[in-house]
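Following: one structure in structure tokens, then a few remarks.
In UniProt numbering, the protein residues as written are 1 to 365.
Pasting the structure below:
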């Protein structure tokens, strides 16, 4: 089943010959599953629903009507496009199904092969459009969660600095240099927030622009992208001194550079927080042959958390609701054919590796 890339159709009819005829007629083009009752179809869907694109069911069957099956499928598996086959259906029931959006097409018996093939083709196309819309909504929800996660810390820092300046100004006890330093840190954090927002907006706006994301951040090498990030990131002098960069074989990042910038920004933020707890923080970034590796000398991540970090929004630090960053980064890397790996030596270090797809692992000219 995994190697069969064809769309899948579930055909439901209590007549074995009808199932055999349908499978023979459309089998060369589609992966066909059959069931001879509503209950059998529902049992099959419990295991196979994620792989089914289209459901075609007879209307009148001995135990339960096909319309009952359509209603249950619409509630449980809304991604499946449903069609009904009938010779003498109740008009009111059909109108209810059609008006309720449960029914995509009505096919009359005896089935006309050409009409059935056309309806199946349209059904598969409709199903893919539904799936694309669903994935887009999920991606947007994850992106917004990531944005909130990524901006929360610098915005909280800005608020704290502002409150501190207000208190000191009222007390008239703070040295001018101390107020100036706090104001500079506020400015750096605000600049970072604006940079993340700009990259995020470009990413959303240009998501459908294809390779290179024309009009957004220009494609370039991994080293160029990293240099731009380090220039815009609000690093203190001590933080910048803790970061070392090594470049083995540089490579081009022509696909989704805005997304890569967001991913690197989040990974660097995590590394800075982790290493910042050490007396001598150290972060090593290496670029080599289609990979960007970020290693910090923080306390590492508990093994049971590492296993879930790229799947569920758990927090590496044990806090609740702060793990969207890594989930988002991993899924964004996967969206253009790469992936993200996390390795940790608990109590010693954490290494995050961005693996880019083979087709963009070309040496930068």
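Glycine included, C-beta positions come from ideal geometry on N, C-alpha and C. Keep in mind that this is a model prediction, so the values were computed, not measured.
- With contacts defined by Cβ atoms closer than 7 Å, residue 43 and residue 12 do not form a contacting pair.
- Within the same chain, no Cβ atom closer than 6 Å to the Cβ of residue 230 is found once the five residues on either side in sequence are excluded.
- In the three-state reduction of the DSSP assignment, residue 251 falls in the strand class, which pools E and B.
- The Cβ atoms of residue 66 and residue 59 sit closer than 7 Å to each other.
- Between residue 245 and residue 292, the C-beta spacing is not below 7 Å.
- Under the DSSP assignment, residue 341 falls in the beta strand (DSSP E) whose first and last residues are 339-345.
- The Cβ-Cβ distance between residue 253 and residue 329 does not fall below 7 Å.
- A direct Cα-Cα distance of roughly 28 Å separates residue 130 from residue 36.
- Exposure of residue 247 is indicated by the presence of fewer than 16 other C-beta atoms within 10 angstroms of its C-beta.
- Residue environment analysis places residue 356 among the buried positions, since at least 16 neighbouring C-beta atoms fall within 10 angstroms of its C-beta.
- Secondary structure of residue 76 (DSSP, three-state): helix.
- As the crow flies, the alpha-carbon of residue 79 is around 28 Å from that of residue 256.
- It is roughly 55 Å from the alpha-carbon of residue 121 to the alpha-carbon of residue 299.
- Non-local beta-carbon contacts of residue 268 in its own chain, meaning distances under 6 Å to residues more than five positions away in sequence, are absent.
- Each of 259, 282, 8, 112 was checked against the Cα of residue 337, and the nearest Cα belongs to 259.
- Rounded to the nearest whole angstrom, the C-alpha separation of residue 251 and residue 220 is 8 Å.
- Taking 7 Å as the cut-off, the Cβ atoms of residue 275 and residue 296 count as close.
- According to DSSP, residue pairing for residue 107 in a beta bridge involves 85.
- Of the residues 85, 63, 30, 228, the one whose Cα lies closest to the Cα of residue 18 is 85.
- Between residue 163 and residue 224, the alpha-carbon positions lie close to 37 Å from each other.
- The residue among 346, 103, 31 with its C-alpha nearest the C-alpha of residue 75 is 103.
- Straight through space, the alpha carbons of residue 341 and residue 334 are spaced by roughly 11 Å.
- For residue 335, the secondary structure class from DSSP, reduced to helix, strand or coil, is helix.
- The beta carbons of residue 30 and residue 8 sit about 7 Å from each other, so the pair counts as a contact at 8 Å.
- Under the rule that a run must span 4 or more residues, the alpha helix (DSSP H) segments found entirely inside the stretch 226-271 read 237-242.
- The C-beta of residue 127 has 16 or more other C-beta atoms within 10 Å across all chains shown, which makes the residue buried.
- For the pair residue 283 and residue 302, the CB atoms are not nearer than the 7 Å cut-off.
- Sequence-distant partners of residue 222 (beyond 5 residues in either direction) whose C-beta falls short of 7 Å from its own C-beta, in its chain, are 250, 251, 253, 287, 292.
- Per the C-alpha coordinates, the member of 343, 152, 332, 278 positioned closest to residue 294 is 343.
- Per DSSP, residue 288 is one residue of the beta strand (DSSP E) stretching across 283-288.
- When secondary structure is reduced to three states using DSSP, residue 11 falls in the strand class.
- With contacts defined by Cβ atoms closer than 7 Å, residue 54 and residue 81 form a contacting pair.
- Shown here for residue 158: same chain residues with a beta carbon closer than 7 Å to its own, the five before and five after excluded, namely 186, 189, 190 in chain order.
- For the pair residue 105 and residue 83, the CB atoms are nearer than the 7 Å cut-off.
- Residues of the same chain with a CB within less than 6 Å of the CB of residue 87, apart from the 5 flanking positions on each side, are 109 in chain order.
- For residue 24, the enclosing alpha helix (DSSP H) begins and ends at 16-26.
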